[in-house]
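Participant: I am attaching a structure below and will ask some questions about it afterwards.
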Amino acid sequence: MAGTMNKMTLAKALNAGLRKAMEGDPKVLLMGEDVGKLGGVFRITDGLQKDFGEDRVIDTPLAESGIIGTAVGLAMRGYRPVCEIQFDGFVYPAYDQIVSQVAKIHFRTQGKVKMPIVIRIPFGGGIGAVEHHSESPEAQFAHTPGLKVVTCSNPVDGYWMIQQAIASDDPVIFLEPKRQYHADKADIDETADASSIQPLFTSRVVRPGADVTLLAYGPMVKTCLKAAEAAATEGRSIEVIDLRTLSPLDMGPVFESVRRTGRVVVAHEAHTNLGMGSEIAARISEQCFYSLESPVLRVGGFDTPYPPSRIEEEWLPDLDRVLDAIDRTFEF
Amino acid sequence: MSPEIGAAFGPNLVEVFGPSQADGGPELIQLLTPEGERIEHPDFSFDLDDEAVKGFYRDMMLTRRIDTEATALQRHGELGIWAQLLGQEAAQIGSGRALRPQDYVFPTYREHGVAYCRGVDPLRLLGLFRGVDQGAWDPRENNFGNYTIVIGAQTLHAAGYAMGVQRDGAVGTGDPERDTAVVAYFGDGASSQGDVNESFIFAAVNNAPVVFFLQNNQWAISEPMERQSRIPLYQRALGFGFPGVRVDGNDVLACYAVTQAALQRAREGSGPTLVEAYTYRMGAHTTTDDPTRYRLSEDLEHWKLKDPIARVEVYLKRNGLADDEFFDSVDDECEALGVTLRDGCKALPDPSALSVFDQVYEEQTEELAAQRDGYAAYRGSFESEGVA
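First to last, the protein sequences are chains X and Y. Read in the numbering used here, the first sequence has 133 at position 131, and its numbers run on one by one without any break. Read in the numbering used here, the second sequence has 304 at position 134, and its numbers run on one by one without any break.
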């Protein structure tokens, strides 16, 4: 591939993507708690206030509803706010503004008022944190008409998807797997032509296979790729799909895969009950009923509040629980 | 607290912490008394002529007619519900007429008089209450936002919009065509909402050009002021770091003068102001409410004596500023408006059931388009069978 390759973590890639979006459009603003001098508690906005100024990288009061509510007003004035919610569990004070205003204003005004707002939320567990810092609220937003919900699983997607989300004229809940922020590096070609990049609201086969379709997104993609590797040593060929977009869902590649494999496992950290897996299972059963060799199985967080961190690795779906579900699809 | 513990802090704990409200109590800025007398105020004056006062009279009469006509339309089953503004005409016309075209208004669902001032077709207000749309006017045409039903939510939108105004360099330039203020309307009930308090904070720390226009009509459905606050609401502003004033909300001259000053303060870059227009909800919360269950009829009788329109009529008549011809022509206009609203309301078309699918997103999703097509085909199946 031509161009200049830079090795970046997901955190650096998101930072570079935000920088690119801000350079490209003076209406793009960043706002949130500690996003200025500190660069955010995860350093995703590191250095951006220094380069773009306090008017474009705004340290807000510590009030999540205020962050999203003022972003609505800024969007009505023609700006494109990118809001950082510091942690998943802190989004709920803003829930009313997100669900009752951000999601509904386009509909309420019959499209006269657009809401080009991105709400970035670090989500998921595995960082040894205290309560409210490890949650997976994606289904609550995917259930809300008017919002679009996406999540990146790797640095390359992080770099491009954040720019695509900012370019979207619809509000986007942008979920970032916080455990992956500083985990792995990947080569990113920042000079690549944006039009050659895979569109935002699409899923992608990240490992081809023939026996079982394994669906994941965000932090679980890495786990599922490892599970597929492990299964391969036992002679099982697992196709892994990174869903990337949770609302809308891009089910085309999923249906195509399931019609070949006949077996499906959906994995996510979120509570299993009414999680994304439930909707995905329903859609597969509607569209691929005669291709299925077994029921669609879900591997998710348990239906309890997120546990104290010393037992979180047991609570979170891991490689073995994914493999166990794969095994169970062969019992039918 | 036991006497022993109290003694450790001295004889009087009130002295330790100081008073629980600002000095002075609730001073009410008034320029036209309920009896129709013009009075002076040391800080605020009404700087328009009597033609403008006649204009305000006409505005308030037409606004009241919109309100009574819509109430009647609800009684006849033409509207599902109506949020009445009876008694709040002066607060809305006074503040609404102080606005410039470039200013932007974020209303609740009761700002029919402000909507009228902004040039929104009153018929458009009815659609929301008839259930044919959720506010069909274009906010960009009149700089008048859509009605917000979650109380207080719009105050944050106002603060954010004002932050955008600042970033556009449309504050403090000295150019009267450019400098822009934003008005957030809300009520005494909403003042308890977190969003209103957060909007005070965001506006204050950003020194944003916002006027918080609080119509204290003293009733949040059935809950009186005592359930919302221990201090006069305008005094809360100081705790957030900007000034608050209380104006007679039934005095259109004072509402105009005070709002104009607060707007000017915002436009010149001096930051937010809280204006508490002290008024009274003479009607019900909405047409489904029954105030006789929770408030005394004497209260209403007392406030009828302070009617915002009657005092202007007395002022104009007593001083020979308007003749019968003027009052008759306003009455005729009200009659004509009534006919327009009645006929127009009944003629408002129901939306297409399929239209909902196309208004959710700016960029339609395949899955929602598929749901639409599926439902269209389902409906079509009835038509092809000749059922529909």
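Note that the Cβ used here is the ideal one computed from N, Cα and C, for glycine as well.
Using only the alpha-carbon positions, how far apart do W389/Y and A354/Y sit?
Facilitator: Start at 1 with the first residue of the second sequence, and residue 389/Y comes out as number 219. Start at 1 with the first residue of the second sequence, and residue 354/Y comes out as number 184. In a straight line, the C-alpha of W389/Y is about 19 Å away from that of A354/Y.
Participant: Run through chain X and tell me which residues come within less than 9 Å of N313/Y, C-beta to C-beta.
Facilitator: Here the question's residue 313/Y lines up with position 143 in the second sequence. What N313/Y touches in chain X: nothing, since even the nearest Cβ is about 10 Å away.
Participant: Excluding the five sequence neighbours on either side, which residues of its own chain have a C-beta within less than 8 Å of the C-beta of A454/Y, listed in chain order?
Facilitator: On the second sequence, position 284 is the one that residue 454/Y refers to. Excluding residues within five positions, the ones whose Cβ falls inside 8 Å are Q254, D460 and P461.
Participant: Just how far apart, CA to CA, sit L294/X and A269/X?
Facilitator: Working through the first sequence from its first residue, we reach residue 294/X at position 292. Working through the first sequence from its first residue, we reach residue 269/X at position 267. Their backbone Cα atoms lie some 18 Å apart in a straight line.
Participant: In whole angstroms, what is the alpha-carbon distance linking Y404/Y and F410/Y?
Facilitator: Translated into the one-based positions of the second sequence, residue 404/Y becomes position 234. Translated into the one-based positions of the second sequence, residue 410/Y becomes position 240. Going by the C-alpha atoms only, they are around 11 Å apart.
Participant: Buried or exposed: Y464/Y, going by 16 or more other Cβ atoms within 10 Å of its Cβ?
Facilitator: Taking the second sequence and counting its residues from 1, the one referred to as residue 464/Y is at position 294. Exposed: under 16 other Cβ atoms inside 10 Å.
Participant: State the DSSP-derived secondary structure class of F109/X, mapped to helix, strand or coil.
Facilitator: Numbered from its first residue, the first sequence carries residue 109/X at position 107. It is helical.
Participant: Measuring only between beta-carbons, confirm whether A558/Y sits less than 8 Å from chain X.
Facilitator: For the purposes of this step, residue 558/Y is taken as residue 388 along the second sequence, with counting starting at 1. Residue placement at A558/Y is flagged as unreliable, the pLDDT there being 47, under the threshold of 50; the coordinate-derived value follows with that caveat. For A558/Y, the answer is no, since every Cβ of chain X falls outside 8 Å of its Cβ.
Participant: Among F109/X, T6/X and S311/X, which one has its Cα closest to the Cα of Y531/Y?
Facilitator: As a position in the second sequence, residue 531/Y is number 361, starting the count at 1. Nearest C-alpha to Y531/Y: F109/X.
Participant: Inspect the CB distances between the region 217–227 of chain X and the region 149–159 of chain X and report whether three or more fall short of 8 Å.
Facilitator: Counting Cβ pairs under 8 Å, three or more are found: they touch.
Participant: Pull the bridge partners of K150/X from the DSSP assignment, please.
Facilitator: Taking the first sequence and counting its residues from 1, the one referred to as residue 150/X is at position 148. Answer by DSSP bridge pairing, in chain order: V174/X.
Participant: CB E205/Y to CB M230/Y, shorter than 8 Å?
Facilitator: Counted from its first residue, the second sequence places residue 205/Y at position 35. Counted from its first residue, the second sequence places residue 230/Y at position 60. For E205/Y and M230/Y, no; Cβs fall outside 8 Å.
Participant: Roughly how many angstroms separate the alpha carbons of D528/Y and K106/X, rounded to a whole number?
Facilitator: Reading the second sequence from its first residue, position 358 is the one you call residue 528/Y. Reading the first sequence from its first residue, position 104 is the one you call residue 106/X. In a straight line, the C-alpha of D528/Y is about 13 Å away from that of K106/X.
Participant: Mapping the DSSP letters down to three states, classify A558/Y as helix, strand or coil.
Facilitator: Locating residue 558/Y in the second sequence gives position 388, where the first residue counts as 1. Residue placement at A558/Y cannot be trusted, given a pLDDT of 47 that sits under 50; what the coordinates show is reported in the next sentence. Here A558/Y sits in coil by DSSP.
Participant: Between the beta-carbon of I100/X and the beta-carbon of I70/X, is there less than 8 Å?
Facilitator: One-based indexing of the first sequence puts residue 100/X at position 98. One-based indexing of the first sequence puts residue 70/X at position 68. Cβ distance < 8 Å, so I100/X and I70/X count as in contact.
Participant: Can you tell me whether M3/X is buried or exposed? The criterion is at least 16 other CB atoms within 10 Å of its CB, across all chains shown.
Facilitator: On the first sequence, position 1 is the one that residue 3/X refers to. Any reading at M3/X must be qualified, since the residue scores a pLDDT of 46, below 50, and its modelled position is unreliable; no value is offered.
Participant: Just to make sure I have the definition right: I need the residues of chain Y whose C-beta is within less than 9 Å of the C-beta of K187/X. Which are they?
Facilitator: Along the first sequence, read from residue 1 onward, the residue named residue 187/X stands at position 185. The contacting residues do not exist; K187/X stays about 33 Å from chain Y at best.
Participant: Give the secondary structure of M1/X by DSSP, where H, G and I count as helix, E and B as strand, and everything else as coil.
Facilitator: Because residue 1/X is not part of the residues shown, which for chain X are 3 to 334, the question remains open.
Participant: When the Cα atoms are used, what is the spatial distance from L40/X to S67/X?
Facilitator: Here residue 40/X is taken as the residue at index 38 of the first sequence, counted from 1. Here residue 67/X is taken as the residue at index 65 of the first sequence, counted from 1. The straight-line gap from Cα to Cα measures roughly 22 Å.
Participant: Let me know if K516/Y comes out buried or exposed under the rule of 16 or more other beta-carbons within 10 Å of its beta-carbon.
Facilitator: Working through the second sequence from its first residue, we reach residue 516/Y at position 346. With fewer than 16 Cβ atoms within 10 Å of its Cβ, K516/Y is classed as exposed.
Participant: If you reduce the DSSP assignment to three classes, tell me which class E259/Y lands in.
Facilitator: The residue given as residue 259/Y occupies position 89 in the second sequence. E259/Y: helix per DSSP, three-state reduction.
Participant: With DSSP collapsed to three states, give me the class of F304/X.
Facilitator: Residue mapping note: residue 304/X aligns to position 302 of the first sequence, counting from 1. DSSP places F304/X in coil when its eight states are reduced to three.
Participant: If we count the other Cβ atoms within 10 Å of its Cβ and call it buried at 16 or more, is V93/X buried or exposed?
Facilitator: Within the first sequence, the letter at position 91 stands for residue 93/X. Flag for V93/X reads buried.
Participant: Find the residues of chain X that neighbour P309/Y, judging by a C-beta separation of less than 9 Å, and give them in chain order.
Facilitator: Counting from 1 along the second sequence, the entry for residue 309/Y is found at position 139. What P309/Y touches in chain X: M78, T111, K114 and V115.
Participant: Give the list of continuous alpha helix (DSSP H) stretches no shorter than 4 residues that lie fully inside the region 68–113 of chain X.
Facilitator: Fully enclosed alpha helix (DSSP H) runs of 4 or longer: 107–110.
Participant: Beta-carbon within less than 8 Å of I243/X's beta-carbon, same chain only, minus the 5 sequence neighbours each way: which residues are those?
Facilitator: Start at 1 with the first residue of the first sequence, and residue 243/X comes out as number 241. The answer, listed in chain order, is S205, R206, V207, V208, T215, L216, L217, A218, P255, V256 and S259.
Participant: Restricting to Cα atoms, I'd like to know which of V186/Y, V380/Y and M452/Y is closest to I391/Y.
Facilitator: Against the second sequence, residue 391/Y aligns to sequence position 221. Among V186/Y, V380/Y and M452/Y, the Cα nearest to that of I391/Y belongs to M452/Y.
Participant: Which chain B residues sit within Cβ distance under 7 Å of P310/X?
Facilitator: No chain B appears in this structure, whose protein chains are X and Y.
Participant: With respect to 7 Å, is the separation between the Cβ of M222/X and the closest non-hydrogen atom of the ligand ADP below this value?
Facilitator: With respect to the ligand ADP, the structure offers nothing, as it holds no ligand at all.
Participant: Pick from G334/Y, I319/Y and G247/Y: whose alpha carbon is nearest that of L32/X?
Facilitator: Numbered from 1 along the first sequence, position 30 holds the residue referred to as residue 32/X. L32/X has its Cα closest to that of G334/Y, out of G334/Y, I319/Y and G247/Y.
Participant: Considering only DSSP beta bridges, list what L248/X is partnered with.
Facilitator: Looking up residue 248/X in the first sequence gives position 246. L248/X pairs with L251/X.
Participant: Pick out whichever of G126/X, V174/X, K180/X and L76/X has its Cα sitting closest to the Cα of Q336/Y.
Facilitator: Stepping through the second sequence from its first residue, residue 336/Y is reached at position 166. Checking every option, the nearest Cα to that of Q336/Y belongs to L76/X.
Participant: What in chain Y is Cβ-close to S102/X, meaning under 8 Å?
Facilitator: Residue mapping note: residue 102/X aligns to position 100 of the first sequence, counting from 1. Under the 8 Å cutoff, chain Y gives V320 and A323.
Participant: Let me know the secondary structure DSSP gives E258/X once reduced to three states.
Facilitator: Within the first sequence, residue 258/X is the residue found at index 256, counting from 1. E258/X falls in the helix class under three-state DSSP.
Participant: Count the other CB atoms within 10 Å of the CB of A15/X; is the residue buried (16 or more) or exposed (fewer)?
Facilitator: Taking the first residue of the first sequence as 1, we reach residue 15/X at position 13. By the 10 Å Cβ count, A15/X comes out buried.
Participant: For R397/Y, does the count of other Cβ atoms within 10 angstroms reach 16, so buried, or fall short, so exposed?
Facilitator: Your numbering for residue 397/Y matches position 227 in the second sequence. R397/Y is exposed by the Cβ-count criterion.
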